[in-house]
Amino acid sequence: MAQKIVTVYTDDLTGAESEEVQTHSFSLDGVNYEIDLISENYDKLFEALEPFIAKGRKRGRDKSTRHTPKPVSNGTSAEELRAWARDNGLHVNDRGRVPATVREAYRKAH
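Positions 1095 to 1204 (our numbering) are the ones given, in order, by the sequence shown.
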């Protein structure tokens, strides 16, 4: 038995099918949106938003796309806490949240 899979690209605004449909992302009031549009409808979206984009302030990319280690305690990263814990005979997982007991022991030691 043969199987044929067909992918149909559809413009979310008009429902028109096209190979030129692309996904576009935008945010408003902290909510992220995605919409699939042909270039003509993307141009309409951009024209509608352009006056607001021109007067708005850029904030950069969404922080969730960045992979910068965040300080956990007194500027100490999770990786540094894990290394300290292992050096001091404490069990700590390679990933996930550093246990409060480890953070507290580190704080007391420093």
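Heads up, the beta-carbon is just placed ideally off N, CA and C, and yes, glycines get one too.
Legend entry - Cβ pair residue 1113, residue 1127 closer than 8 Å: no
Legend entry - Assigned secondary structure, residue 1107 (DSSP; H/G/I helix, E/B strand, else coil): coil
Inset, instruction - Please name the residue or residues paired with residue 1133 in a DSSP beta bridge. - result: DSSP output for residue 1133 lists no bridge partner at all.
Legend entry - Contact under 8 Å by Cβ, residue 1186 with residue 1179: yes
Legend entry - Buried versus exposed, by CB contacts within 10 Å (16 or more), residue 1096: The residue in question, residue 1096, is exposed, as its Cβ has fewer than 16 Cβ neighbours within 10 Å.
Inset, instruction - Using the Cα positions of residue 1176 and residue 1192, report the straight-line distance between them to the nearest angstrom. - result: 7 Å
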